[in-house]
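Read left to right, the sequence shown gives residues 7 to 129 (my numbering). Every residue gets a Cβ at the ideal spot worked out from N, C-alpha and C, and that includes glycine. Reviewing the structure listed below.
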Amino acid sequence: PVVATLYIVAFYVPATIGDYEADLASGNSTVAVRFGRDGAYRIGLVAVAVVSAIYVILAATNYIIPRDLLPAEITAGLITLAAYHRLLYKTYDPKEIVRGLAVIGVIAVVAVAAFGAMYVGWL
């Protein structure tokens with residue numbers, strides 16, 4: 007549940023940045039209005055970083071994730087963090103935010119598929 011919640015935070019919070027002006031004008035108290043656009047971005051980035059750290063720790067301790075997958079978990083975490091930063095930092099246009107989140111989602115799916123393939127010995 008923790009990882010799923012963090013993924014939801016990582017994807018939902020930046021989505022509020024695109025509606026910042028309208029939400030501010032109408033008095034809606036979204037995450038972006040409450041913490042600012044940059045604050046909302048940072049909350050999402052921290053959520054991604056924590057998810058990545060959890061996976062790395064699980065692999066490093068050989069708990070749930072086999073230790074053999076540690077290099078893959080580190081690589082996937084770094085790629086996801088870099089993509090998140092590159093695609094969402096100072097991005098305020100709603101279409102660009104959705105595009106960035108879609109790309110990050112694809113990266114996450116590819117990482118999970120690669121993990122699954124490695125776990126069962128296909129890679």
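- Counting of Cβ neighbours within 10 angstroms places residue 11 among the exposed residues, the total staying below 16.
- Taking a cut-off of 8 Å on C-beta distances, the region 88 to 103 touches the region 21 to 34, as three or more cross pairs fall below it.
- Judged by DSSP in its simplified three-state form, residue 69 adopts coil rather than helix or strand.
- Nearest Cα to residue 77 within the set 95, 19, 29, 61: 61.
- Within its own chain, the residues whose Cβ lies closer than 7 Å to the Cβ of residue 124, once the five positions on either side in sequence are excluded, are 75, 78, listed in chain order.
- If you check the CB distance, residue 45 and residue 20 do not come in under 7 Å.
- The C-beta distance from residue 94 to residue 58 rounds to 15 Å, too long to meet the 8 Å contact threshold.
- A direct Cα-to-Cα measurement between residue 105 and residue 96 gives close to 14 Å.
- Residue 56 holds the alpha-carbon nearest to the alpha-carbon of residue 9 among 81, 89, 56, 66.
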